[in-house]
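The next block holds one structure in the form of structure tokens; read it before the comments.
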Amino acid sequence: MAKANFEVPELKEHLEVPKIEPGAMAHLETFKAKPEFNEALGFPGELSENWQEQAIDAMGDMLKKYRSLQVYMDSCVKCGACTDKCHYYLGTKDPKNMPVARQDLMRKVYRRYFTFGGKFFPKLVGATDFTQEVLDDWYNYYHQCSQCRRCSVFCPYGIDTAEISMAAREIMDRIGLGDKYSNEIIGKVFRIGNNLGLPGPALEDTLEGLEEDVFDETGVEVKYPLDVKGADILLVTPSADFFAEPHVDGLIGYGKVFHEAGVSWTMSSHASEAANFGMFIGSYENMRKISQRVRKAALDLGVKRIIFGECGHAWRVAYAFLNTLAGPWDFLDPDYPVPQHILEFTLGEIEKGTLNIDKSQNDDMVLTFHDSCNVARATRMGDKPGGQFEIPRAVIKAVCNNYVDMPEDTIREATFCCGGGGGLLTDDLMELRVKGAMPRMKALKSVTEEYGVTHMAAICAICKSQFTKVIPYYGFDMDQIVSVHQLVSNALILKGQNSEDEDDESEEDAA
Amino acid sequence: MSLAITVLFYLATVILIAGLAYRIWVYAKVPAPLKIATTPAPVTKGGVVLRMFREVAFFESLFKSNKLLWLLGVLFHFGLLLVLLRHLRYFINPVPTVIELIQPFGKYAAFAMIIGLLGLWARRFIIDRVRYITAPSDHLILALLVLIGISGASMTFVSHTDIVGLKNFTMGLLTFDPKPLPSDPLLAIHLFLVSVLMIIFPYSKLLHGVGVFFSPTRNQVDNPREKRHLADWARKFEENS
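Quick mapping for you: the protein sequence lines, in order, are chains A and B.
Just so we're aligned, residue 830 is where the first sequence starts under my numbering, counting upward by one.
Just so we're aligned, residue 82 is where the second sequence starts under my numbering, counting upward by one.
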């Protein structure tokens, strides 16, 4: 078990709703961004004397631009339906991690400056001035929300705390109070093209390495093309897929599927990142700027289709926002949705019968599937509502013999966040990440004990990184997290593949 | 007293209608720049109408969340709905048959309403999480509603008020030909409290009744890949690029 300088939650038999412990997480403040990183995103470098006035102005502006914010500020009745729904509350016991209380950090300021009751009877309606103390709470607790939207499923008015935490982060950015993790990463995307800061030559190198690995293992020349003009498909995938484990095994899988399907495809060094942290900081403009890179790559390479790799929030930006931010896509092939998810593509090929699958290749595993929050509650796959749940499961079941779901109230639309989404995947928030993972860990433990589950498959770069890091705290092993396309890759027998690879345990060295 | 209640009632009506109209105008005017439906979501407009209907008529999301809270919410809201329908008999002449038929249910619905409210109120003391998020105004609004319920039910079940005189009064209000209010302290209190409720409605959390219809996570069609969605304020970026 990994060591921690905080208390790792115990995995009890039943998921208990804890008693509140006010201030339990008040100490946890993520690193603030240096001025140059805020400025690179078009925000002031640091707080000025009159930050309060600027913040109230910014809030007024946001209230005029976002119906969600205006309606959600007014509509909450404090019924408490959401109070036991947030994984961070369940894991930390801090009442300010209850969705309604997190929202109220903004609502009390909204009421003070924008409502009749708050202007004249602040105490009565729980309104307060926007003081330094309130701002500190904002910074701490709006960076303890992974914007997973689980609360919005259970709210009778659909109030979505993600919308409010995004707005709060935008307001803080607009007064020069940015967080280091997200803002530095967005800066890297603008300067270099991806979150990890991998320049074109490094990508090329990595992809060549993958081609060699796949050739060594299978004897088939599967290509992982970069910047190929005139290719049919542009694949946009999170940059973690280029080297992190188990992400890269997923990328190997995408390439094998494309190879077997016989389609021409390419990745782009300009749009070498599917992630879009502009969403996490609630900045329409930054989110748009990042999305425009995909448009430029598609135009420059002259592709006909766009497919996104396995990534949760990236799929939200792609599925729900890309048409808004970087459309219209009228120059692409109208026969395909823009964009498509790699799982939609792969399931299509499985159904067409173009893939030669040997399910027994995955017989060493009993699998379960973690629904990523952004995919589950903010997007769709396929034509029908709920396709985002069925399509990944259909693919897994098509390539694996042993599959079981985790308990019903922890999957699909009620899925628990991995604990690291929403721009919180940073070491300085490790305590929050470990505690927030508790409900998912508990669900995993229950199927481990009951059905002998050995591995959990995920379709999100953040989920995969978060789980491999926090799962040891709960007594599991980091290798128990796999990519869905890693499973596809294992089971897919390529045309002309070496047949004598009975012992197919590939060396797990760094790719 | 009669004059004071008459003036207050007119004032409350104006504030309620103007206030709600203003809020609706504000909500309708503010754009939703991005598609943020909580999925799985309907892919057609008809589907959205159905989703909203289930939300408003059955409190679907609340049911998913917490069964006891759902039950208390249903008792209160549907109790109140029946009570309100029953009250139409004071404002329509002759009284439609449907409203006549509702009377016996409407009478006892007052108890459902009061029980629901007391249950909701008790949660604010018993459950530590709910106690934590409760502001003084939350208690006051509950107190107001409970008192309205009790004062109203008392006139039905304890000390009957002069119904004919009351109807004379309400019809006078409707025709702008004020008539005297029967002198009954219970009735005066009831009408005073109802007026207060009408006045605070557009300026308090009671707005949830309007807000729910404008909630983008519930009222948007899930079709972002098929149909481009663009807010007016976001158009300026299109021209610059």
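Backbone N, C-alpha and C define an ideal beta-carbon position, used for all residues, glycine too.
Beta-carbon neighbours of residue i, restricted to chain B and to distances below 7 Å
| i | result |
| --- | --- |
| A:L953 | P217 and S218 |
| A:I1135 | Chain B residues near A:I1135: none, gap ~11 Å exceeds 7 Å. |
| A:V900 | Y108, G292, F295 and S296 |
| A:K848 | D209 |
Backbone CA spacing between residue i and residue j [nearest angstrom]
| i | j | result |
| --- | --- | --- |
| A:D966 | A:L934 | 7 Å |
| A:C984 | A:K922 | 20 Å |
| B:G160 | B:Y189 | 8 Å |
| A:E875 | A:N1012 | 13 Å |
| B:I38 | A:E1279 | Residue numbering for chain B in the displayed model covers 82 to 322; residue 38 of chain B lies beyond these limits and cannot be assessed. |
| A:I1322 | A:D1042 | 15 Å |
| A:C829 | A:G1249 | With chain A covering 830 to 1340 only, the question about residue 829 of chain A has no answer from this structure. |
| B:I70 | A:A1266 | Nothing in the structure corresponds to residue 70 of chain B, since chain B is present only between 82 and 322. |
| A:R946 | A:Q881 | What sits at residue 946 of chain A in the sequence shown is Gly, not Arg. Cα to Cα, the separation comes out at about 20 Å. |
| A:H1199 | A:Y918 | 20 Å |
| A:K948 | A:D1070 | 51 Å |
| B:G233 | B:G128 | 39 Å |
| B:Y284 | A:C911 | 23 Å |
| A:A1287 | B:L221 | 48 Å |
| A:M854 | A:K1264 | 11 Å |
| A:N926 | A:G1026 | 33 Å |
| B:I319 | A:F1160 | The sequence shown places Glu at residue 319 of chain B, not Ile. Roughly 17 Å separates the two Cα atoms. |
| B:S146 | A:C1247 | 21 Å |
| B:R170 | A:L840 | 58 Å |
| A:L898 | B:F295 | 11 Å |
Cutoff 8 Å; reference residue i; Cβ partners in own chain excluding five residues on either side
| i | result |
| --- | --- |
| B:W151 | F140, L143 and F144 |
| A:K1226 | Y1232 |
| B:F273 | I86 and L89 |
| A:M1116 | N1105, G1107, M1108, V1146, F1150 and L1154 |
| B:T237 | K188 and A191 |
| B:G154 | F140, L143, G197 and L201 |
| B:I183 | L163, L166 and R167 |
| A:K1085 | V1043, V1051, V1317, S1318, L1321 and L1323 |
| A:G1281 | V1195 |
Residues that residue i contacts on chain B, provided the C-beta gap is smaller than 8 Å
| i | result |
| --- | --- |
| A:M927 | R210, Y213 and I214 |
| A:C1292 | Those do not exist, as A:C1292 stays about 18 Å from chain B at its closest Cβ, beyond 8 Å. |
| A:D933 | I214 |
| A:S897 | A113, I117, S296, P297 and T298 |
Close-in-space but distant-in-sequence residues of the same chain around residue i (CB under 7 Å, 5 per side omitted)
| i | result |
| --- | --- |
| A:D1343 | No answer is possible for residue 1343 of chain A: it lies beyond the span of chain A, which begins at 830 and ends at 1340. |
| A:F835 | E1260 |
| A:I818 | Outside the displayed range of chain A (830 to 1340) lies residue 818 of chain A, so it cannot be described from this structure. |
| B:G230 | A191, M194, I195 and L198 |
| A:T1183 | E1089 and A1090 |
9 Å Cβ cut-off: residues of chain A touching residue i
| i | result |
| --- | --- |
| B:A315 | K894, Y1113, R1117, T1153 and L1154 |
| B:V124 | R1209, D1212, K1213 and P1214 |
| B:F238 | What B:F238 touches in chain A: nothing, since even the nearest Cβ is about 29 Å away. |
| B:F157 | Those within 9 Å of B:F157 in chain A number zero; the least Cβ separation is about 11 Å. |
Nonlocal neighbours in the same chain, by C-beta distance under 6 Å from residue i, ignoring five residues either side
| i | result |
| --- | --- |
| A:A1320 | I1186, D1187, K1188, Q1190, N1191 and V1228 |
| A:P851 | P924 |
| A:M995 | G1111 |
| A:V1311 | P1075, H1284 and A1286 |
Cross-chain neighbours of residue i in chain B, by beta carbon under 9 Å
| i | result |
| --- | --- |
| A:E1242 | T119, T120, P121 and K145 |
| A:G946 | S218, I281, Y284 and S285 |
| A:Q1295 | Those within 9 Å of A:Q1295 in chain B number zero; the least Cβ separation is about 22 Å. |
Interface partners of residue i on chain A, CB under 8 Å
| i | result |
| --- | --- |
| B:R204 | G909 |
Contact test: residue i Cβ vs the ligand NAP heavy atom, cutoff 8 Å
| i | result |
| --- | --- |
| B:I86 | For the ligand NAP, the structure offers nothing, since it holds no ligand at all. |
- [ ] Give the residues from the region 279-312 of chain B that approach chain A closer than 7 Å (Cβ to any Cβ), ordered along the chain.
- [x] Within the region 279-312 of chain B, the qualifying residues are Y284, S285, K286, L288, H289, G292, V293, F295, S296, P297, T298, R299, D303, P305, R306, R309, H310 and L311.
Task: Interface positions of the region 134-154 of chain B facing chain A (Cβ-Cβ less than 8 Å), listed along the chain - done: So the list reads E136, F140, S142, L143, K145, S146, N147, L150 and G154, given in the order they occur along the chain.
- [ ] Name, going along the chain, the residues of the region 1083-1105 of chain A whose beta-carbon falls closer than 9 Å to a beta-carbon of chain B.
- [x] So nothing in the stretch comes that close.
TODO: With 8 Å as the limit, tell me which residues of the region 99-116 of chain B have their beta carbon closer than that to any beta carbon of chain A; keep them in chain order.
DONE: For the region 99-116 of chain B, residues whose beta-carbon sits nearer than 8 Å to a beta-carbon of chain A comprise R104, V107, Y108, V111, P112, A113, P114, L115 and K116.
Open item on the list: To be precise: take each residue of the region 1200-1211 of chain A, compare its Cβ to all Cβ atoms of chain B, and keep it if any distance is under 8 Å. Which residues remain?
Closed with: Shown in chain order are the members of the region 1200-1211 of chain A whose Cβ falls below 8 Å from a Cβ of chain B: A1205, R1206, A1207, T1208 and R1209.
Task: Residues in the region 976-1001 of chain A having any Cβ partner in chain B nearer than 9 Å - done: The region 976-1001 of chain A vs chain B, Cβ under 9 Å: R978, S981, V982, F983, C984, P985, Y986, G987, I988, D989, A991 and E992.
Task: Within the region 1076-1101 of chain A, ranges of the alpha helix (DSSP H) (whole runs, at least 4 residues) - done: If only uninterrupted alpha helix (DSSP H) runs of at least 4 residues are considered, those enclosed by the region 1076-1101 of chain A are 1076-1090.
- [ ] Could you list the residues in the region 1138-1169 of chain A with a C-beta less than 7 Å from some C-beta on chain B, going in chain order?
- [x] Identification of residues in the region 1138-1169 of chain A having a C-beta nearer than 7 Å to some C-beta of chain B yields Y1148, A1149, F1150, N1152, T1153, G1156, P1157, P1166 and V1167, given in sequence order.
TODO: Let me know the beta strand (DSSP E) ranges lying completely inside the region 1110-1161 of chain A, each 3 residues or longer, listed in chain order.
DONE: You should have 1134-1137.
TODO: Would you list, in chain order, the members of the region 1017-1032 of chain A that have their beta-carbon closer than 7 Å to a beta-carbon of chain B?
DONE: Only those residues of the region 1017-1032 of chain A whose C-beta falls short of 7 Å from the nearest C-beta of chain B would be listed, and there are none.
- [ ] Can you give me, in chain order, the residues of the region 1064-1077 of chain A that have a beta carbon less than 8 Å from any beta carbon in chain B?
- [x] Correct list: empty, as no residue qualifies.
TODO: Run through the region 252-311 of chain B for me and flag every whole beta strand (DSSP E) of 3 or more residues, listed as ranges in chain order.
DONE: The qualifying runs do not exist here; there are none.
- [ ] Tell me the start and end of each unbroken alpha helix (DSSP H) in the region 166-210 of chain B that is at least 4 residues and wholly inside, in chain order.
- [x] Fully enclosed alpha helix (DSSP H) runs of 4 or longer: 178-207.
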